[in-house]
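In our numbering, the protein residues as written are 1087 to 1297.
What follows is the structure, encoded as structure tokens:
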């Protein structure tokens, strides 16, 4: 979970992958930065290149991801768009959930399931349902809407104000409101960003002087 958008530990992933392989005719390929001794049903894909991972999607039936590199690689022209089960942290500071990005670019989300509250059992049951009934039926039972948050708004506005990029700030406002409307949480964070700017600027300069 190197994207920072999920709280998955390696032990949790291994335990869940092993459980998934209890389903008939199933194997799991874990493609991450972590190398491990693989088995016949839980295989180590850490040595695969970007191109090899893209090619691998043409031989898989489901992608379980956390909005990280492999997730976005699978949407490239070199890969095959797979049904997805995404395991996400709803409070991640930087969050770019596939559902948000897909909606922005008009990509279908009918074969995308996102979970924000989950454990090994829920993941297993979701995958078991996908295998038995298909992902569209499973989506109706398991998909969890992501809570709306605007954690990065203050930082974005602060950085742009530092360089007097007022047009970029206006563009950030237009894009966000085009997606979410004038959401009260966004308006609140946007206003606070301006009010807090002089104090944060002084604090940061003071901190640099003390170094």
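Every residue gets a Cβ at the ideal spot worked out from N, C-alpha and C, and that includes glycine.
Are residue i and residue j close, meaning C-beta to C-beta below 8 Å?
| i | j | result |
| --- | --- | --- |
| residue 1173 | residue 1204 | yes |
| residue 1100 | residue 1113 | no |
| residue 1118 | residue 1140 | no |
| residue 1160 | residue 1149 | yes |
| residue 1236 | residue 1265 | no |
| residue 1234 | residue 1258 | no |
| residue 1243 | residue 1261 | no |
| residue 1206 | residue 1102 | yes |
| residue 1138 | residue 1170 | no |
| residue 1182 | residue 1153 | yes |
| residue 1143 | residue 1184 | no |
To the nearest angstrom, report how far apart residue i and residue j are at their CA atoms.
| i | j | result |
| --- | --- | --- |
| residue 1177 | residue 1239 | 14 Å |
| residue 1223 | residue 1229 | 10 Å |
| residue 1247 | residue 1283 | 8 Å |
| residue 1194 | residue 1188 | 7 Å |
| residue 1251 | residue 1279 | 14 Å |
| residue 1115 | residue 1267 | 40 Å |
| residue 1226 | residue 1186 | 18 Å |
| residue 1124 | residue 1180 | 32 Å |
| residue 1192 | residue 1094 | 29 Å |
| residue 1277 | residue 1253 | 16 Å |
Mapping DSSP to helix, strand and coil, what is residue i?
| i | result |
| --- | --- |
| residue 1130 | strand |
| residue 1155 | helix |
| residue 1174 | coil |
| residue 1199 | strand |
| residue 1114 | strand |
| residue 1148 | coil |
| residue 1237 | coil |
| residue 1097 | helix |
| residue 1180 | coil |
| residue 1249 | coil |
| residue 1166 | coil |
| residue 1254 | helix |
| residue 1109 | coil |
| residue 1161 | coil |
| residue 1119 | coil |
| residue 1125 | coil |
| residue 1232 | coil |
At which residues does the alpha helix (DSSP H) containing residue i begin and terminate?
| i | result |
| --- | --- |
| residue 1193 | Here residue 1193 belongs to no alpha helix (DSSP H), and DSSP marks it neither H nor E. |
| residue 1211 | 1206 to 1219 |
| residue 1284 | 1270 to 1296 |
| residue 1139 | 1136 to 1142 |
Counting pairs of beta carbons, one from the segment 1187 to 1201 and one from the segment 1212 to 1226, are three or more of them closer than 8 Å?
-> Below 8 Å, enough C-beta pairs join the segment 1187 to 1201 and the segment 1212 to 1226 to call them touching: three or more.
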